[in-house]
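Protein chains: 2
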Amino acid sequence: MTDSRPSGTRRVTLSQVAERAGVSRSAVSFVMNGRTDQRLSADVFERVRRAAEELGYRPNQTAKTLRTGRSGTIALVSDFVSSTSYANAMVRGAMRALRERDILLFTVDTEGDPQVEERLLHSLFGRDIDGVIYTSMFTRIVDPPPLLASTRTVLLNCRARGGDDVAVVPDEVEAGREAARLLVAAGHTDGIWFVGDLPPGRRGGLLWNEWGPLALPERLEGIERELASSGLSLAGHAAVEDDWDAPNGQRAVERLLEDGARPSALICVNDAVAAGAYRALHAAEWRIPDDVSVIGFDGSPLAGMLEPSLTSISLPHEDLGRRAATLLLSDDATPRVERVRMPVHLGASVGSPTR
Amino acid sequence: MTDSRPSGTRRVTLSQVAERAGVSRSAVSFVMNGRTDQRLSADVFERVRRAAEELGYRPNQTAKTLRTGRSGTIALVSDFVSSTSYANAMVRGAMRALRERDILLFTVDTEGDPQVEERLLHSLFGRDIDGVIYTSMFTRIVDPPPLLASTRTVLLNCRARGGDDVAVVPDEVEAGREAARLLVAAGHTDGIWFVGDLPPGRRGGLLWNEWGPLALPERLEGIERELASSGLSLAGHAAVEDDWDAPNGQRAVERLLEDGARPSALICVNDAVAAGAYRALHAAEWRIPDDVSVIGFDGSPLAGMLEPSLTSISLPHEDLGRRAATLLLSDDATPRVERVRMPVHLGASVGSPTR
DNA sequence: CTGAAAGCGCTTACAG
DNA sequence: CTGAAAGCGCTTACAG
Numbered sequence: 010m011t012d013s014r015p016s017g018t019r020r021v022t023l024s025q026v027a028e029r030a031g032v033s034r035s036a037v038s039f040v041m042n043g044r045t046d047q048r049l050s051a052d053v054f055e056r057v058r059r060a061a062e063e064l065g066y067r068p069n070q071t072a073k074t075l076r077t078g079r080s081g082t083i084a085l086v087s088d089f090v091s092s093t094s095y096a097n098a099m100v101r102g103a104m105r106a107l108r109e110r111d112i113l114l115f116t117v118d119t120e121g122d123p124q125v126e127e128r129l130l131h132s133l134f135g136r137d138i139d140g141v142i143y144t145s146m147f148t149r150i151v152d153p154p155p156l157l158a159s160t161r162t163v164l165l166n167c168r169a170r171g172g173d174d175v176a177v178v179p180d181e182v183e184a185g186r187e188a189a190r191l192l193v194a195a196g197h198t199d200g201i202w203f204v205g206d207l208p209p210g211r212r213g214g215l216l217w218n219e220w221g222p223l224a225l226p227e228r229l230e231g232i233e234r235e236l237a238s239s240g241l242s243l244a245g246h247a248a249v250e251d252d253w254d255a256p257n258g259q260r261a262v263e264r265l266l267e268d269g270a271r272p273s274a275l276i277c278v279n280d281a282v283a284a285g286a287y288r289a290l291h292a293a294e295w296r297i298p299d300d301v302s303v304i305g306f307d308g309s310p311l312a313g314m315l316e317p318s319l320t321s322i323s324l325p326h327e328d329l330g331r332r333a334a335t336l337l338l339s340d341d342a343t344p345r346v347e348r349v350r351m352p353v354h355l356g357a358s359v360g361s362p363t364r
Numbered sequence: 010m011t012d013s014r015p016s017g018t019r020r021v022t023l024s025q026v027a028e029r030a031g032v033s034r035s036a037v038s039f040v041m042n043g044r045t046d047q048r049l050s051a052d053v054f055e056r057v058r059r060a061a062e063e064l065g066y067r068p069n070q071t072a073k074t075l076r077t078g079r080s081g082t083i084a085l086v087s088d089f090v091s092s093t094s095y096a097n098a099m100v101r102g103a104m105r106a107l108r109e110r111d112i113l114l115f116t117v118d119t120e121g122d123p124q125v126e127e128r129l130l131h132s133l134f135g136r137d138i139d140g141v142i143y144t145s146m147f148t149r150i151v152d153p154p155p156l157l158a159s160t161r162t163v164l165l166n167c168r169a170r171g172g173d174d175v176a177v178v179p180d181e182v183e184a185g186r187e188a189a190r191l192l193v194a195a196g197h198t199d200g201i202w203f204v205g206d207l208p209p210g211r212r213g214g215l216l217w218n219e220w221g222p223l224a225l226p227e228r229l230e231g232i233e234r235e236l237a238s239s240g241l242s243l244a245g246h247a248a249v250e251d252d253w254d255a256p257n258g259q260r261a262v263e264r265l266l267e268d269g270a271r272p273s274a275l276i277c278v279n280d281a282v283a284a285g286a287y288r289a290l291h292a293a294e295w296r297i298p299d300d301v302s303v304i305g306f307d308g309s310p311l312a313g314m315l316e317p318s319l320t321s322i323s324l325p326h327e328d329l330g331r332r333a334a335t336l337l338l339s340d341d342a343t344p345r346v347e348r349v350r351m352p353v354h355l356g357a358s359v360g361s362p363t364r
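For the protein sequence lines, the chains are A and B, in the order given.
Okay, so the first sequence: first residue is 10 according to this note's numbering, each after it adds one.
Okay, so the second sequence: first residue is 10 according to this note's numbering, each after it adds one.
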């Protein structure tokens with residue numbers, strides 16, 4: 010039959026290697042896959058190896074996949090991770106872990122649209138992917154699509170509502186404890202405020218607030234538990250409107266100071282809110298860390314750009330990605346939630362209280 | 010219909026659809042691929058469609074690929090683009106353009122290592138990718154690997170030294186003109202400085218300086234050409250050590266002011282250098298834009314976070330990615346360099362000169 | 001218009 | 001230890 014493919018120079022096939030080496034195709038297949046259990050003679054092994062090299066033979070992965078059902082390919086399926094900047098280091102972590110095993114990564118963003126997600130998953134399954142890393146830009150609870158049941162899956166930066174999956178998430182509770190610990194160690198006692206609650210009665214206005222983000226409740230839980238273990242508690246909470254960005258953080262702290270609060274330290278729900286806090290404190294002529302200490306979360310580039318640099322408990326995105334890929338490749342599919350430590354990025358924003 | 014097959018069962022094949030519809034496999038193939046040129050009866054067409062739906066048939070892309078040589082898959086091969094934050098919107102642009110055609114994206118970063126690049130390319134070719142978007146984090150000149158010659162390729166955010174490729178790059182020269190135009194329109198004449206040259210005799214210390222980045226020379230060329238067209242020229246250049254970051258920008262402007270320069274405007278090679286300029290100006294009690302205007306390049310999030318917000322000529326990463334994908338899918342492979350307009354992000358950092 | 005057949009490039013159970 | 005053969009799930013030229 011005529012070959013209608015748009016190929017100029019045909020690629021070398023296994024048959025050609027067999028012919029050149031003067032052995033069967035089986036033998037070539039065994040050699041190429043390093044199957045020593047077939048007890049091939051050293052001579053055959055060497056002849057095949059040489060013939061393959063001389064011809065520049067590269068196995069056709071598509072044919073292997075059709076035969077074996079394994080493609081050496083996995084997919085990273087997310088809402089926004091691979092196409093936006095925020096949590097992109099997760100992709101790097103996964104890619105690096107997979108590179109060593111010659112596994113390639115399909116990158117697929119659904120932008121939060123379930124229909125797009127379904128179409129993309131079917132498209133992926135049609136390509137015989139070996140597994141899926143299902144991930145989210147923000148750490149949150151998800152309902153993994155039922156379609157995923159037929160494929161090996163690891164949840165990254167999210168956990169299933171049901172809980173019977175393998176999931177990798179940052180250890181947000183421990184991060185909260187760490188933040189509190191830093192302040193307690195510096196001598197803070199009864200002037201520690203938390204900045205970043207949603208306003209009372211508010212479930213969230215922005216999209217991701219309705220997606221059940223875990224950062225806020227878990228960070229707060231860790232903070233309160235750690236303080237309690239030292240017999241302390243938060244002096245209070247400052248609510249932030251809608252999004253956790255700098256302008257909202259600024260307004261929250263402005264209100265706090267206007268209301269007459271005298272905080273010795275602010276634990277901000279993330280670095281952007283902390284940046285806003287810096288502005289409000291600066292305008293009110295409070296010095297950091299002399300008059301007030303500030304801690305953020307995320308470990309974003311922003312933290313290093315502030316004056317003074319912000320101490321922040323950072324999201325270990327690359328580690329998370331690497332861990333998820335490693336788990337996906339392992340044989341162990343026992344449902345569990347793995348929590349990855351969030352390291353402290355020490356800045357110059359924490360000092361001892363003066364009041 | 011929903012797929013009611015017990016999980017663990019084999020996927021439905023084309024043969025099963027043929028059997029259920031009572032037609033040949035050829036007919037099913039023709040219907041599934043919408044080949045109306047075969048003049049199938051409306052009845053056959055409908056029976057196949059129904060059988061496929063009832064069985065939940067999904068074509069096996071691997072088998073199609075083996076047969077046709079086309080995989081409906083392209084690869085985005087870069088140094089760092091898909092695994093870091095900086096130019097990530099290019100991935101978004103490409104993904105969005107491809108989504109409409111049900112084409113999936115392999116994402117592959119070489120981290121600048123030619124050996125890794127070669128291995129990854131072979132791995133991709135073994136999977137019968139239909140094309141490659143070859144891209145770089147920074148706009149620069151590249152020598153595309155010879156291996157790429159066998160595959161349809163579009164260069165994204167880079168151009169080949171040889172020049173016989175299809176390439177998509179930001180229009181940096183025009184961006185430089187735009188920056189100069191904004192200042193001239195505001196009334197600036199002989200106090201316009203450029204901040205961001207490499208020190209005299211320096212080819213670059215950091216890795217990417219040796220990779221031949223185009224941003225600096227092209228932006229500068231545009232600025233100078235535009236000024237010349239109004240009979241003006243730059244008052245001078247302030248060199249920046251090594252990397253174009255905020256601390257280096259700050260030092261450059263500090264030196265400039267110490268040397269007694271009285272700039273009416275600073276055109277900074279990027280936003281980070283501009284942020285450094287802000288600090289130096291602030292420390293010297295120059296007000297922006299009352300005493301001095303500042304313009305940056307990149308359109309980074311940083312620009313909006315500065316006080317006052319920075320006017321910046323922005324890199325249209327998403328547009329670039331979308332355009333590259335579209336070109337790759339088009340039939341036209343005529344070598345050319347497409348330049349994409351860099352839009353102005355207007356801030357509040359440009360005013361009329363007071364001196 | 002339809003159907004039987006070849007073939008894409010592999011892997012692997014099986015007979016020798 | 002080796003080789004012939006079946007088969008993964010498609011597409012398509014070809015004979016009817």
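Heads up, the beta-carbon is just placed ideally off N, CA and C, and yes, glycines get one too.
Complete beta strand (DSSP E) runs within the segment 247-277 of chain B (minimum length 3 residues, chain order): Annotation note: the segment 247-277 of chain B contains the following uninterrupted beta strand (DSSP E) runs of length 3 or greater, listed N- to C-terminal: 274-277.
Return helix, strand or coil for A:Leu-207, following the three-state DSSP convention. Working through the first sequence from its first residue, we reach residue 207 of chain A at position 198. A:Leu-207 sits in coil when the DSSP states are folded into three classes, being neither helix nor strand.
Do the segment 79-92 of chain B and the segment 130-138 of chain B touch if we need at least three Cβ pairs shorter than 8 Å? Touching, per the Cβ criterion.
Per-residue contacts from A:Ser-38 into chain B (C-beta, under 8 Å): Position 29 of the first sequence holds residue 38 of chain A. None at all; the shortest Cβ gap to chain B is about 15 Å.
Can you pull the DSSP bridge partners for A:Glu-347? Reading the first sequence from its first residue, position 338 is the one you call residue 347 of chain A. Answer by DSSP bridge pairing, in chain order: A:Val-177.
Contact the segment 116-127 of chain A vs the segment 340-357 of chain A: 3+ CB pairs below 8 Å: Output reads no: the segment 340-357 of chain A does not touch the segment 116-127 of chain A.
Assigned secondary structure, B:Gly-213 (DSSP; H/G/I helix, E/B strand, else coil): By 1-based counting over the second sequence, the position of residue 213 of chain B is 204. With a pLDDT of only 49 at B:Gly-213, under 50, the local geometry of the prediction cannot be trusted, and no value is derived from it.
Between A:Ala-98 and the rest of its own chain, which residues show a CB-CB distance below 6 Å, the 5 nearest in sequence each way excluded? For the purposes of this step, residue 98 of chain A is identified with residue 89 of the first sequence, where counting begins at 1. His-326 and Glu-327, listed in sequence order.
Please state whether DSSP places B:Ser-358 in a helix, a strand or coil. For the purposes of this step, residue 358 of chain B is identified with residue 349 of the second sequence, where counting begins at 1. Correct three-state label for B:Ser-358: coil.
Would you identify the three-state DSSP class for B:Gly-196, choosing helix, strand or coil? What you label residue 196 of chain B is simply residue 187 of the second sequence in a count that begins at 1. Of the three classes helix, strand and coil, the one that applies to B:Gly-196 here is coil, per DSSP.
Could one say the Cβ of B:Phe-54 lies closer than 7 Å to chain A's Cβ atoms, at least one of them? As a position in the second sequence, residue 54 of chain B is number 45, starting the count at 1. The beta carbon of B:Phe-54 does not come within 7 Å of any beta carbon belonging to chain A, so the residue lies off that interface.
Within 8 Å of chain B by C-beta, residues of the segment 232-265 of chain A in sequence order: Taking 8 Å as the cut-off between beta carbons, the residues of the segment 232-265 of chain A near chain B are Ala-255, in sequence order.
Check for me: the beta strand (DSSP E) holding B:Tyr-143 runs from which residue to which? Taking the first residue of the second sequence as position 1, residue 143 of chain B is located at position 134. Run containing B:Tyr-143: 140-151, per the beta strand (DSSP E) assignment.
Applying the 10 Å Cβ sphere with the 16-neighbour rule, what's the burial state of A:Glu-294? Residue 294 of chain A sits at position 285 when you count from the first residue of the first sequence. Exposed, since its Cβ has fewer than 16 Cβ neighbours within 10 Å.
Please identify, using Cβ separations under 8 Å, the residues of the segment 89-100 of chain A that lie next to chain B, in order along the chain. So the close ones are Ser-91, Ser-92, Thr-93, Ser-94, Tyr-95, Asn-97, Ala-98 and Val-100.
Starting from the N-terminal side, write out each stretch of the alpha helix (DSSP H) that is 4 residues or longer and does not extend beyond the segment 26-93 of chain B. 34-41, 51-64 and 70-77, all fully within the segment 26-93 of chain B.
In terms of residue numbering, what span does the beta strand (DSSP E) encompassing B:Leu-165 cover? Within the second sequence, residue 165 of chain B is the residue found at index 156, counting from 1. Per DSSP, B:Leu-165 belongs to the beta strand (DSSP E) from 162-169.
Taking CB distances under 7 Å as the criterion, tell me whether A:Gly-171 reaches chain B. Counting from one through the first sequence, the residue named residue 171 of chain A turns up at place 162. No, A:Gly-171 lies away from the interface with chain B (no Cβ there is under 7 Å from its Cβ).
Can you tell me whether B:Thr-285 is helix, strand or coil according to DSSP? Stepping through the second sequence from its first residue, residue 285 of chain B is reached at position 276. The identity of residue 285 of chain B in the sequence shown is Gly, whereas the question assumes Thr. Note: B:Gly-285 maps to helix in three-state DSSP.
Contact set between A:Asn-69 and chain B, taken where Cβ atoms lie within less than 7 Å: The residue given as residue 69 of chain A occupies position 60 in the first sequence. Here the neighbours are Gly-135.
If you draw a straight line from the alpha carbon of A:Ala-342 to that of A:Val-175, how long is it in whole angstroms? Here the question's residue 342 of chain A lines up with position 333 in the first sequence. Here the question's residue 175 of chain A lines up with position 166 in the first sequence. Approximately 7 Å, taken between the alpha carbons.
Looking at the C-beta of B:Thr-116, does it have a partner C-beta in chain A at a distance below 7 Å? As a working mapping, residue 116 of chain B is identified with position 107 in the second sequence. It does; some Cβ of chain A falls within 7 Å.
For A:Asp-111 and chain B, any beta-carbon pair shorter than 7 Å? Indexing the first sequence from 1 puts residue 111 of chain A at position 102. Yes - at least one Cβ of chain B is within 7 Å of the one on A:Asp-111.
Which chain A residues are close to B:Leu-275, counting only those with a beta carbon under 9 Å from its beta carbon? Counting from one through the second sequence, the residue named residue 275 of chain B turns up at place 266. The premise fails here: B:Leu-275 is roughly 19 Å from chain A at the closest Cβ pair, so nothing lies under 9 Å.
Output the distance between the C-alpha atoms of B:Ile-297 and B:Ser-321, rounded to the nearest integer angstrom. On the second sequence, position 288 is the one that residue 297 of chain B refers to. On the second sequence, position 312 is the one that residue 321 of chain B refers to. One C-alpha to the other measures close to 14 Å.
Rounded separation between B:Gly-213 and A:Val-182 - CA only: Here residue 213 of chain B corresponds to residue number 204 of the second sequence, with the count starting at 1. Here residue 182 of chain A corresponds to residue number 173 of the first sequence, with the count starting at 1. Below a pLDDT of 50, predicted positions are generally treated as unreliable, and B:Gly-213, at 49, falls in that range; the measurement from the model is reported next regardless. Those two C-alpha atoms are separated by around 45 Å.
Keeping to the same chain, check which residues put their C-beta closer than 7 Å to that of A:Leu-319; ignore five residues upstream and five downstream. The count along the first sequence starts at 1 and reaches residue 319 of chain A at position 310. Within the same chain, A:Leu-319 has close Cβ partners Asp-280, Ala-283, Val-303, Gly-305, Ala-312, Gly-356 and Ser-358.
Check whether the segment 182-202 of chain B and the segment 145-164 of chain B are in contact - that is, three or more C-beta pairs closer than 8 Å. Contact fails: fewer than three Cβ-Cβ distances are below 8 Å.
Please state whether DSSP places B:Pro-415 in a helix, a strand or coil. The requested residue 415 of chain B does not occur in the structure, where chain B is confined to residues 10 to 364.
Under 8 Å: do the segment 228-245 of chain B and the segment 186-205 of chain B share three or more Cβ pairs, one atom per stretch? With the rule of 3 Cβ pairs closer than 8 Å, the segment 228-245 of chain B counts as touching the segment 186-205 of chain B.
Proximity to B:Pro-226 [Cα-Cα], best of B:Arg-56, B:Ala-255, B:Asp-180 and B:Leu-241: Here residue 226 of chain B refers to the residue found at position 217 of the second sequence. Comparing Cα-Cα distances from B:Pro-226 to each of B:Arg-56, B:Ala-255, B:Asp-180 and B:Leu-241, the minimum goes to B:Asp-180.
Can you tell me whether B:Leu-243 is helix, strand or coil according to DSSP? On the second sequence, residue 243 of chain B is found 234 positions in, with the first residue counted as 1. DSSP places B:Leu-243 in coil when its eight states are reduced to three.
Boundaries of the alpha helix (DSSP H) in which A:Leu-113 is found, first to last residue: Counted from its first residue, the first sequence places residue 113 of chain A at position 104. Where A:Leu-113 is concerned, there is no enclosing alpha helix (DSSP H), although the beta strand (DSSP E) it sits in stretches over 113-118.
What separation, rounded to the nearest whole angstrom, lies between the Cα atoms of A:Leu-336 and A:Ile-142? Mapped onto the first sequence, residue 336 of chain A falls at position 327. Mapped onto the first sequence, residue 142 of chain A falls at position 133. Answer to the nearest angstrom: the Cα atoms are 10 Å apart.
What separation, rounded to the nearest whole angstrom, lies between the Cα atoms of A:Glu-63 and A:Gln-25? One-based indexing of the first sequence puts residue 63 of chain A at position 54. One-based indexing of the first sequence puts residue 25 of chain A at position 16. Linking A:Glu-63 to A:Gln-25 through their CA atoms gives a straight-line distance of about 11 Å.
Among the residues of its own chain, which have a CB less than 6 Å from the CB of B:Thr-144, if the five just before and after it don't count? Locating residue 144 of chain B in the second sequence gives position 135, where the first residue counts as 1. Here the set comprises Ser-87, Val-90, Leu-165 and Asn-166.
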